[in-house]
Structure formats: structure tokens, C-alpha cells
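Take a look at the structure below.
Numbering (the numbering used here), first residue to last: 32 to 126.
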């Protein structure tokens, strides 16, 4: 069972509120965003994995933003491929 304390995580973030926002965002990336954990999962839930990553200093707000940007760029490529190469054209004006 994982034993993570808030104090250990606060060495890497400014305050408890930022810790909550950072850990919940990272846990969501792991749970539904398809992002791989940076630590061995050890049968832990995504929230615990996120807190372990923060405790070890592997995740901070800058790293999280980079991960989100990479995912966003991948989504843009997939969306462009799904739409094909045809640009959207506005409807013709009525005469």
C-alpha cells in the first residue's frame, strides 16, 4: 500500500491547493488520457500514482503543460487525417 504524505509532495509544489489541482490533472491524464505513468504502477490507483510522481519531483506544472501540448498536437493530426485534405468552405451567399 502506498504511503504518501502531503508534506512530502509540498516540497515540490507551492501550496496544498496547487497540489490538488496538479495531482487531479495528472491522475486524469493517466486514467482516461492514455498517458503512461512515470513510476511503476504497483497496482495503485491513478491518484496515488500522480502523487508519487509529484513526491519524486517527476511532475510539475511545466511538465504537465508539455504533456498536454503533445497530446493536443496528436489530436490535431488525427482530426486532420479524419477530415481529409479538403478545407472547409463557407456556404455560398443567397442571391
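For every residue, glycine included, the Cβ atom is placed at its ideal position computed from N, Cα and C.
Return helix, strand or coil for residue i, following the three-state DSSP convention.
i           : result
residue 52  : helix
residue 93  : helix
residue 36  : coil
residue 45  : coil
residue 125 : coil
residue 79  : helix
residue 67  : coil
residue 73  : coil
Closest to residue i by CA distance: which of the options is it?
i          : options             : result
residue 43 : 124, 62 and 92      : 92
residue 81 : 99, 49, 123 and 58  : 58
residue 65 : 101, 83, 50 and 123 : 101
residue 52 : 75, 96 and 34       : 96
Using a threshold of 7 Å, state whether the C-beta atoms of residue i and residue j are closer than that.
i          : j          : result
residue 61 : residue 77 : yes
Quick one: any contact between the region 80-97 and the region 52-69, if contact means 3 or more CB pairs under 8 Å? Short answer: they touch.
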